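Residues in the sequence shown are numbered from 1162 upward in steps of one, following this note's numbering.
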Amino acid sequence: MPLKPTGDMDRNLPPTRRVPAVADPRQSLELFAVIARRYDLMNHLMSAGLDILWRRSACALLDGAPPGPVLDLGTGTADLALTLARRRPELRIVGLDPSPQMLVLGRQKLADRRLEERITLLRGDALDLPLPDASCAAVLSAFVLRNLPDLPRAFREMHRVVVPGGVVLCVELTWPQVPIFRSLFRLYFTRLVPILGAAIANSRRAYTYLPASVAAFPRPEAVAQMMEEAGLTSLTVRRLFPGTAAIYTGLRPEGR
1162 MPLKPTGDMD
1172 RNLPPTRRVP
1182 AVADPRQSLE
1192 LFAVIARRYD
1202 LMNHLMSAGL
1212 DILWRRSACA
1222 LLDGAPPGPV
1232 LDLGTGTADL
1242 ALTLARRRPE
1252 LRIVGLDPSP
1262 QMLVLGRQKL
1272 ADRRLEERIT
1282 LLRGDALDLP
1292 LPDASCAAVL
1302 SAFVLRNLPD
1312 LPRAFREMHR
1322 VVVPGGVVLC
1332 VELTWPQVPI
1342 FRSLFRLYFT
1352 RLVPILGAAI
1362 ANSRRAYTYL
1372 PASVAAFPRP
1382 EAVAQMMEEA
1392 GLTSLTVRRL
1402 FPGTAAIYTG
1412 LRPEGR
């Protein structure tokens, strides 16, 4: 399998478990409806602002990509789309998300920055993208994969809508590889984060689901295999500082 991780594979990670039941689309939508207004703040607090740098790192990987429409899959409040728009002002971006509450906040951000003509936000399903075949130069996502009930199908849809030679790039949370740091991260993530979620976002449940979904998410080699089976090639996994996030990338080969 043509996986090229930037470090050792996750030999020491907890075993992959079944994705929590809340990954059911209806329950997931209910959670995001509750936390939407505090979603950005919680992301920044939980990661100590590193989520901003992770999005920038992801967008930097598109610097050599051909111009063309870019899909931000699971755009939420449009943070990734806005980061890309600042870096690549010539691009047209389509943001897709199933949560109407998140999209309302995203559209307000676009209006505040006068970017409605460059970024279009749509409501839609990652498992049935409302886009034509080979219509996007790239597909991006940030912190979305864990919430999808059928990851192989989602990768097939990404492969379908990206042009031959186009890139699929996904940022996702992961467990640190260093044992001591992994233990500290688990303690912080499973004990403190739910308390923050209850106090700031009014939902302990949503921020109990978050660490559970990270623990349940497939290991990098399994994710890469799903991407390969969907038809993507040149697969890479890049660890992001401090090891709690990774960028998965794959290309749709020319002629396929």
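Even for Gly, the Cβ is constructed at its ideal location relative to N, Cα and C.
This structure is a prediction, so every number in the text was calculated from the model and none was measured.
Rounded separation between residue i and residue j - CA only
{"i": "ARG1275", "j": "CYS1220", "result": "21 Å"}
{"i": "LEU1245", "j": "ILE1280", "result": "10 Å"}
{"i": "GLY1229", "j": "CYS1297", "result": "7 Å"}
{"i": "GLY1411", "j": "LEU1393", "result": "5 Å"}
{"i": "LEU1211", "j": "HIS1205", "result": "7 Å"}
{"i": "MET1207", "j": "ALA1194", "result": "19 Å"}
{"i": "LEU1252", "j": "ILE1341", "result": "42 Å"}
{"i": "GLU1318", "j": "ALA1359", "result": "35 Å"}
{"i": "VAL1419", "j": "PRO1250", "result": "Residue 1419 is absent from the model: the chain starts at 1162 and stops at 1417."}
{"i": "THR1405", "j": "VAL1323", "result": "28 Å"}
{"i": "ASP1201", "j": "PRO1325", "result": "34 Å"}
{"i": "LEU1234", "j": "PRO1261", "result": "14 Å"}
{"i": "VAL1375", "j": "THR1335", "result": "6 Å"}
{"i": "LEU1282", "j": "LEU1292", "result": "13 Å"}
{"i": "ALA1385", "j": "TYR1409", "result": "8 Å"}
{"i": "ARG1216", "j": "MET1387", "result": "23 Å"}
{"i": "LEU1266", "j": "ARG1284", "result": "13 Å"}
Nearest candidate by alpha-carbon position, reference residue i, set the options
{"i": "PRO1337", "options": "ALA1272, ARG1399, PRO1293 and ALA1385", "result": "ARG1399"}
{"i": "ALA1295", "options": "SER1189, LEU1252 and GLY1327", "result": "GLY1327"}
{"i": "GLU1277", "options": "VAL1339, LEU1264, GLY1285 and LEU1301", "result": "LEU1264"}
{"i": "ARG1198", "options": "MET1319, ARG1417, THR1369 and LYS1270", "result": "LYS1270"}
{"i": "GLY1416", "options": "LEU1348, MET1387, HIS1320 and TYR1349", "result": "HIS1320"}
{"i": "LEU1214", "options": "TYR1409, ARG1413, PRO1403 and PRO1414", "result": "PRO1403"}
{"i": "GLU1333", "options": "LEU1190, LEU1282, ALA1226 and LEU1241", "result": "LEU1241"}
{"i": "TYR1349", "options": "ASN1363, ALA1373 and GLN1188", "result": "ALA1373"}
{"i": "ALA1226", "options": "PHE1316, ASP1289, LEU1301 and THR1335", "result": "LEU1301"}
{"i": "LEU1290", "options": "PHE1346, LEU1192, GLY1256 and THR1369", "result": "GLY1256"}
{"i": "ALA1287", "options": "ALA1272, ALA1299, PRO1379 and PRO1310", "result": "PRO1310"}
{"i": "GLU1191", "options": "PRO1381, ARG1268 and ASN1363", "result": "ASN1363"}
DSSP bridge partner residues for residue i (one or two, in chain order)
{"i": "CYS1297", "result": "VAL1323"}
{"i": "SER1302", "result": "LEU1234 and CYS1331"}
{"i": "ARG1400", "result": "ALA1407"}
{"i": "ARG1284", "result": "ASP1258"}
{"i": "ASP1289", "result": "ASP1286"}
Exposure of residue i, with buried meaning 16 or more beta-carbon neighbours within 10 Å
{"i": "GLU1390", "result": "exposed"}
{"i": "ALA1303", "result": "buried"}
{"i": "ILE1356", "result": "exposed"}
{"i": "ILE1196", "result": "buried"}
{"i": "ASN1308", "result": "buried"}
{"i": "SER1395", "result": "exposed"}
{"i": "ARG1413", "result": "buried"}
{"i": "LEU1421", "result": "Nothing about residue 1421 can be read from this structure; the chain reaches only from 1162 to 1417."}
{"i": "ALA1209", "result": "exposed"}
Sequence-distant residues of the same chain with beta carbon closer than 6 Å to residue i, five excluded per side
{"i": "GLY1237", "result": "ASP1258 and MET1263"}
{"i": "ARG1248", "result": "CYS1220"}
{"i": "PHE1378", "result": "ARG1307"}
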